[in-house]
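Read the structure below first, then the notes.
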Amino acid sequence: MKALVISDKVIEGLYSPAVRQRFAEVELVISCGDLPYYYLEYLISTLDKPLFSVRGNHASVVEYGSHGERTEPWGAIDLDQSVVECNGLILAGFEGSMRYNEGPFQYSDQEMRWRVAQMLPQLFLNRALRGRYLDVLVTHAPPRGVQDQPDRCHTGFQVFRWFLQRFEPRYMLHGHIHVYHPNIVTRSLFHKTEVINCYGYRELELCPIGSSGREGRKQEEHGRSARPRRLREGYVEGFLESDSQLADETQQ
Ligand SMILES: [Zn+2]
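In the numbering used here, the protein residues as written are 102 to 353.
Given below as structure tokens:
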């Protein structure tokens with residue numbers, strides 16, 4: 102299933118009517134957080150596809166706009182601590198980042214452990230009814246030690262490591278770590294999960310566990326298996342940002 106995944110940065114090319122044609126094949130949109138609500142609402146109304154989101158640490162508690170004030174993006178499905186199914190794909194999510202000041206949508210490791218624990222009954226029910234816990238974990242913050250950074254704000258959650266080892270989703274999509282340099286790793290394999298930093302945007306083929314899909318078949322044809330990779334595609338993937346723009350950003 103083709104998905105448009107966005108995070109952390111408003112991409113001008115996505116906030117334009119051209120998005121409808123460019124992403125006509127997309128079946129769902131996923132936001133990993135720290136994006137303004139008006140941007141998500143624009144994509145919902147323009148693409149007319151379901152949008153699942155988690156909040157980042159910079160999410161507005163209240164956002165004011167020409168259509169009034171809102172405390173969440175209108176029409177989006179909040180994935181925080183939820184498990185949902187979309188066209189056979191099972192998604193679950195957790196909002197927020199590591200607590201580093203008294204701002205909203207921040208959690209200590211202990212608090213996040215408790216939030217994960219509250220989701221467990223839904224996951225075990227999936228296992229009983231569908232034979233698997235989930236396919237895609239959507240978070241704002243990464244797991245500890247996987248594509249995270251050493252400062253407190255950008256440290257990943259320890260419990261996410263346990264979650265991936267225990268429930269083995271096929272993908273974990275996160276944001277929060279801004280990609281300003283080509284050497285930053287944005288895709289890697291942890292246990293059986295492909296962990297993908299979705300800063301900016303990504304167009305991904307997401308398949309339920311047990312189904313190969315187009316991307317899976319392509320990898321099999323080339324004799325490649327999922328393995329840790331150091332790719333630049335994290336933020337130049339697609340048509341919207343050129344290498345020269347990237348170079349400008351890197352110098353800032
Ligand atoms: Zn963030």
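Each residue gets a CB set at the ideal place from its N, CA and C atoms; glycine is no exception.
Cα separation between residue 288 and residue 295? Stepping through the sequence shown from its first residue, residue 288 is reached at position 187. Stepping through the sequence shown from its first residue, residue 295 is reached at position 194. About 7 Å.
What's the gap between the Cα of residue 231 and the Cα of residue 143? Counted from its first residue, the sequence shown places residue 231 at position 130. Counted from its first residue, the sequence shown places residue 143 at position 42. The straight-line gap from Cα to Cα measures roughly 34 Å.
Heavy atom of ligand 1 less than 7 Å from the Cβ of residue 157, yes or no? What you label residue 157 is simply residue 56 of the sequence shown in a count that begins at 1. Yes, ligand 1 has a heavy atom inside 7 Å of this Cβ.
With respect to the alpha helix (DSSP H) encompassing residue 120, which residues constitute its N-terminal and C-terminal limits? Reading the sequence shown from its first residue, position 19 is the one you call residue 120. 119 to 123 is the span of the alpha helix (DSSP H), which, as asked, contains residue 120.
Opening and closing residue of the alpha helix (DSSP H) in which residue 233 lies: Translated into positions along the sequence shown, residue 233 becomes position 132. Residue 233 -> no alpha helix (DSSP H), and no H or E assigned at all.
Does DSSP classify residue 297 as helix, strand or coil? In the sequence shown, counting from the first residue as 1, residue 297 sits at position 196. Strand.
Residues near residue 105 by beta carbon distance below 7 Å, same chain, minus five either side: One-based indexing of the sequence shown puts residue 105 at position 4. These residues qualify, in order along the chain: 124, 127, 130, 302 and 304.
Residue 165 - containing beta strand (DSSP E), residue span: Translated into positions along the sequence shown, residue 165 becomes position 64. Unbroken beta strand (DSSP E) run through residue 165: 164 to 166.
For residue 297, which of 132, 122 and 115 has the nearest alpha-carbon? Translated into positions along the sequence shown, residue 297 becomes position 196. When each option's Cα is compared against that of residue 297, the closest is 132.
On the DSSP letters alone, give me the boundaries of the beta strand (DSSP E) that residue 142 sits inside. Reading the sequence shown from its first residue, position 41 is the one you call residue 142. It is not in any beta strand (DSSP E) - residue 142 instead sits in the alpha helix (DSSP H) that spans 138 to 148.
Any non-hydrogen atom of ligand 1 within 7 Å of residue 194 CB: Within the sequence shown, the letter at position 93 stands for residue 194. False, no ligand heavy atom lies under 7 Å from that Cβ.
If we ignore side chains and look at the alpha-carbon of each, how far apart do residue 317 and residue 204 end up? The sequence position of residue 317 within the sequence shown is 216, counting from 1. The sequence position of residue 204 within the sequence shown is 103, counting from 1. Low confidence applies to residue 317: its pLDDT is 47, below 50, so where it sits in the model is not reliable, and the reading given next is rough at best. Their Cα atoms are separated by approximately 40 Å.
Extent of the continuous beta strand (DSSP E) to which residue 190 belongs: The residue labelled residue 190 in the question sits at position 89 within the sequence shown. It spans 190 to 195 - the beta strand (DSSP E) in which residue 190 sits, taken as one unbroken run.
Residue 166 to residue 138, Cα distance in whole Å? The sequence position of residue 166 within the sequence shown is 65, counting from 1. The sequence position of residue 138 within the sequence shown is 37, counting from 1. Answer to the nearest angstrom: the Cα atoms are 9 Å apart.
Is the beta carbon of residue 213 sitting closer than 8 Å to the one on residue 258? Sequence index remark: in the sequence shown, residue 213 carries index 112 (1-based). Sequence index remark: in the sequence shown, residue 258 carries index 157 (1-based). For residue 213 and residue 258, yes; Cβs fall inside 8 Å.
Going by the beta-carbon positions, is the gap between residue 300 and residue 181 smaller than 8 Å? Indexing the sequence shown from 1 puts residue 300 at position 199. Indexing the sequence shown from 1 puts residue 181 at position 80. In this structure, residue 300 sits away from residue 181, with a CB-CB distance that is not shorter than 8 Å.
Any non-hydrogen atom of ligand 1 within 7 Å of residue 176 CB: Reading the sequence shown from its first residue, position 75 is the one you call residue 176. No - ligand 1 has no heavy atom lying nearer than 7 Å to the Cβ of residue 176.
What does the Cβ neighbour count give for residue 196, buried or exposed, with the cut at 16 atoms within 10 Å? Stepping through the sequence shown from its first residue, residue 196 is reached at position 95. Residue 196 comes out buried.
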